[in-house]
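If you read the first sequence in UniProt numbering, its first letter stands for residue 1, the second for the next number, and so on.
For each residue, glycine too, the CB sits at the ideal point set by N, CA and C.
Below is one structure, written out as structure tokens; the observations come after it.
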Amino acid sequence: MRGSNMLSSSGCSSGSNKRTLQQDCSGGSHAQEHTKKKSRIGMRTDYTYAPYHDGFQWRKYGQKVIRGNAFPRCYYRCTYHQDHGCSASKHVEQHNSADPPLFRVVYTNDHTCSGAAATASDYMASSMHIQQIADASLRKADTEAERPP
DNA sequence: CGATTTTGACCCGCGC
DNA sequence: GCGCGGGTCAAAATCG
């Protein structure tokens with residue numbers, strides 16, 4: 001992450017009872033709500049206005065615009081996925097375009113990496129990730145509206 | 001220099 | 001059988 005502030009990590013836990021508060025506090029947290037036959041376990045859906053620190057470093061590996069959503073979805077994976085074989089992955093997508101945009105963060109799999117040794121900057125961490133997406137959306141519209149060559 | 005991000009293209013699965 | 005959508009990887013570019 002170059003032009004951002006990827007704070008350190010915190011609260012590394014590959015267990016299950018970690019951010020229960022967030023789920024409860026965030027509001028909507030549907031585990032595997034997929035009506036399909038796919039049994040995607042280890043999936044948590046959180047809603048947040050500013051992506052607090054999960055306690056891990058994420059490396060963005062893709063961005064795609066989903067049909068039905070006017071916002072791009074970002075795909076993140078644990079930075080240690082290759083180093084420690086951490087299968088944890090995270091998907092972040094904007095949920096609305098309100099003033100305080102709401103973002104849906106979907107966590108898949110658990111962290112198996114042991115790299116989260118940093119301190120604890122849970123909240124004051126970084127809204128950069130999401131902000132970036134929102135900014136990208138705005139910037140795009142702005143750039144387009146501003147002036148193409 | 002290293003690390004990370006960005007964009008495009010490719011692939012696969014499912015639906016009809 | 002074909003098409004569409006979603007998901008992932010790769011390479012290149014950039015910043016600290």
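Within the continuous beta strand (DSSP E) that includes residue i, where are the two ends?
i	result
residue 57	Element bounds for residue 57: n/a, residue is neither H nor E.
residue 89	89–94
residue 107	103–108
residue 79	Run containing residue 79: none; DSSP gives neither H nor E here.
residue 67	Unbroken run through residue 67: none, as it is neither H nor E.
residue 49	Per DSSP, residue 49 belongs to no beta strand (DSSP E) and is neither H nor E.
Can the beta-carbon of residue i be found closer than 7 Å to that of residue j?
i	j	result
residue 103	residue 48	yes
residue 92	residue 74	yes
Which same chain residues end up closer than 7 Å to residue i when comparing Cβ atoms and leaving out the 5 residues on each side of it in sequence?
i	result
residue 96	102
residue 59	76, 77, 79
residue 69	93
Can you list, in chain order, the residues of its chain whose CB lies under 8 Å from that of residue i, leaving out five sequence neighbours each side?
i	result
residue 61	75, 76, 77
residue 25	Low confidence applies here, because residue 25 scores a pLDDT of 35, under 50, leaving its location unreliable and the question unanswered by this model.
Excluding five sequence neighbours on each side, which residues of the same chain lie with their C-beta closer than 6 Å to the C-beta of residue i?
i	result
residue 64	73
residue 107	44, 90
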